[in-house]
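So in the working numbering, spot 10 of the sequence shown is number 24, and the numbers just go up one at a time. Glycine included, each C-beta is placed from N, C-alpha and C at the ideal position. Before any comments, here is the structure.
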Amino acid sequence: MDKSTRIMIAGAAGLAAGAMLGVLLAPEKGADSRKKMARGLRKLNKILHGEVSKEKLAFVKDKLEKHKERLERHIQKIDARLSRQEANGQTA
């Protein structure tokens, strides 16, 4: 597997993780969330297994960067919350 393929797969996996995290954190019904995740996974499958134009790859890369930034902000918030809980002696 060449380097660009590995990068694309890693990016697509990151996009999927970001999308799923967004769906899971959104205030929607479980059935609606599962439909959105399934739709996103079908799109991801098409990207990974089909011929993809340079423009589409650039678009996906841009989306991945945005999701990466959002995930990093979420992780920072979670880390801060964990630190506050530890400082207060909370366990759950």
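Inter-residue Cα distance where the pair is residue i and residue j
i: residue 47; j: residue 35; result: 10 Å
i: residue 90; j: residue 70; result: 30 Å
i: residue 64; j: residue 104; result: 49 Å
i: residue 25; j: residue 53; result: 18 Å
i: residue 44; j: residue 56; result: 18 Å
Within 8 Å, strictly: CB atoms of residue i and residue j
i: residue 23; j: residue 58; result: no
i: residue 32; j: residue 85; result: yes
Own chain residues within Cβ distance below 8 Å of residue i, not counting five before or after
i: residue 118; result: Only positions 15 to 106 of the chain appear in the structure, and residue 118 is not among them; the question remains open.
Neighbourhood of residue i by C-beta, 6 Å cutoff - its chain only, sequence neighbours within 5 removed
i: residue 30; result: 58
Reference residue i, options the options, closest by Cα
i: residue 19; options: 99, 102, 98, 75; result: 75
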